[in-house]
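Down below is the structure, laid out as structure tokens.
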Amino acid sequence: MLFGSSGIRRKFDQELLFLSLKTGYAIANPGDRIVAGRDSRSTGPALQDAFMAGAMFCGADVYDGGVAPTPTIAHATGKMDAGCCITASHNPESYNGLKLINPNGSSFTKKQQSETEDKIEKKPKAVFERQGTIKEMDIITPHKEAVLKEISIDGKINMVLDCGCGAGCMITPSLLTTAGVRINCINCNVSGRFPRPSEPLEKNLSYIHNMIIKSGSDGALIHDGDADRFMAFDEKGRFIGGDHLLMLFALHIGAKKVVTTVDASMAIEEIAEVKRTPVGDSFVSEKLIEWGDFGGEPSGSWIFPKHTLCPDGIYAAALFCSIASENKISTLIDEMPDYPILRSSYMCPDSVGIMKILGAENPTDGIRIADEDGWCLIRASGTEPKVRITAEGKTKDLAKSMRSRGYSLLKSAGKKYKQLN
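Counting in our numbering, the sequence shown runs without a single skipped number right up to 455 at its last residue.
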């Protein structure tokens, strides 16, 4: 299986280069218009060139968006037949991959992924009568203008902005400055060498608290490598957990129906009707096609279906600034329901094998144990060789108890795996 929960992703090697070429011809048809771009990783140009060559080989015209965030590429795909972002999102810089995008901004569905895998295995039919072309295309400006048209920021606010030297550098600083936000930038120069781990976790952002306090900022805005994710801090320098950001956005836009993942807090059910999906933004966006006003997952993916079905960290950053221009973020967060939630991950070379022993039908969907006071989810990561445990309880002791139950099951499965192998 080539596709994980967020497209194709693996450590950069020769196989990934060939896979990029094959993916290009697998999704292309004569006369198709396909937009391609990449995040800031140093391996991106080679993979993007390979993908574009494959698409041209089958007669498609390719529009080169250069270095751009995934949501920016998704926005440009709205006028195309398909899009491709060369990215490994929040993974370490040694990784890279391909995320395939539909015109509505959603990722390829499982059915589309399966069809693409089948085509990759077959020899492509060259279209000698019509070879495709490559044209450079400015996709940054239209996305920036679309966000500014939808979101207004009243009053002067100051924000710390950390783009992690990823693709978000191409648009977020300029967009916010145009909107009237005074930004204190860190890691806002595009580079293939990430100065911090790309995943926007609190433990990777210890320096942000002092930056907020010293600069008197109204909060902080954080991107991952391709800016599909967005996380934030309030004006007190406190990291805002993904479950609270989910509620903050839902309450602000008046969402009555919210789609989120099985690892999200039960607190969201106190403010909206909720439907849950397996972990992965593609599942959330797929559900939003038929139901829901807003969707997201605690890892930092926020989907506003009236805007796009792609998680858009740039849109989310602008919306957060809009909210902060009207209210103190800390006050809004402190008014929300809050239950202790614990998230842990464990390195596991064969996470799929472990999850099979635990009885999971799909390793990345995992298994969930629950009672009325809490729950625990054990699942294989869709992007890394890890098993993740998420536990929540109405008290911290209950959350710890649920996590212990999950860890005991994982430990038992590990012992059985060793016996079988």
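We put the CB at the ideal spot given by N, CA and C, even for glycine.
What residues match up with Lys97 in a beta bridge as DSSP calls it? Reading the sequence as shown, one finds Tyr at residue 97 and not Lys. Partner(s): Val69, Lys169.
Residue from Ser141, Ala80, Ala70 whose Cα sits closest to the Cα of Gly110: The sequence as given places Ala at residue 110; Gly does not occur at that position. Of the candidates Ser141, Ala80, Ala70, the residue whose Cα lies closest to the Cα of Ala110 is Ala70.
Rounded Cβ spacing between Leu343 and Asn138 (contact assumed at less than 8 angstroms): 5 angstroms
Quick one: Cα of Ile220 to Cα of Ile242, how far? 9 angstroms
Which of helix, strand or coil does DSSP assign to Gly456? Outside the shown range of the chain, which is 35 to 455, sits residue 456, and nothing can be said about it.
Can you tell me where the alpha helix (DSSP H) holding Ala350 begins and where it ends? That run of the alpha helix (DSSP H) goes 347-358.
I need the straight-line Cα distance from Cys197 to Glu163, nearest angstrom please. 44 angstroms
In or out: Ala266 buried (at least 16 other Cβ within 10 Å) or exposed? buried
Hey, how far is the Cα of Ser249 from the Cα of Ile187? 20 angstroms
Short check: CB of Ser415 to CB of Ser141, under 9 angstroms? no
Just reading off the alpha helix (DSSP H) that Thr212 is part of, what are its end residues? 206-212
Determine, using beta carbons only, whether Ile120 and Gln82 come nearer to each other than 9 angstroms. yes
Euclidean distance between Cα positions of Ala358 and Met370: Their Cα atoms are separated by approximately 16 angstroms.
Kindly indicate which residue of Val421, Leu376, Pro374, Ile391 has the alpha-carbon position closest to the one of Pro383. Val421
Reference Glu303, options Asp399, Leu285, Tyr441, closest by Cα: Leu285
Could you give the distance in angstroms between the alpha-carbon of Cys199 and the alpha-carbon of Leu55? 27 angstroms
Report the option in Gly440, Leu132, His278 whose CA atom is closest to the CA atom of Met389. Of the candidates Gly440, Leu132, His278, the one whose C-alpha sits nearest the C-alpha of Met389 is Gly440.
DSSP beta-bridge partners of Asn192: Beta-bridge pairing links Asn192 to Arg216.
Just mark Ser316 as buried or exposed, buried being the case when its beta carbon has 16 or more other beta carbons within 10 Å. buried
Paired residues, beta bridge with Asn130 - DSSP: BP columns for Asn130 point to Arg44.
Helix, strand or coil: which one does DSSP assign to Val224? coil
DSSP beta-bridge partners for Gly250? None; Gly250 has no bridge partner.
Quick one, are the C-beta atoms of Leu280 and Pro312 less than 9 angstroms apart? Here Leu280 is not near Pro312, since their CB atoms are 9 angstroms or more apart.
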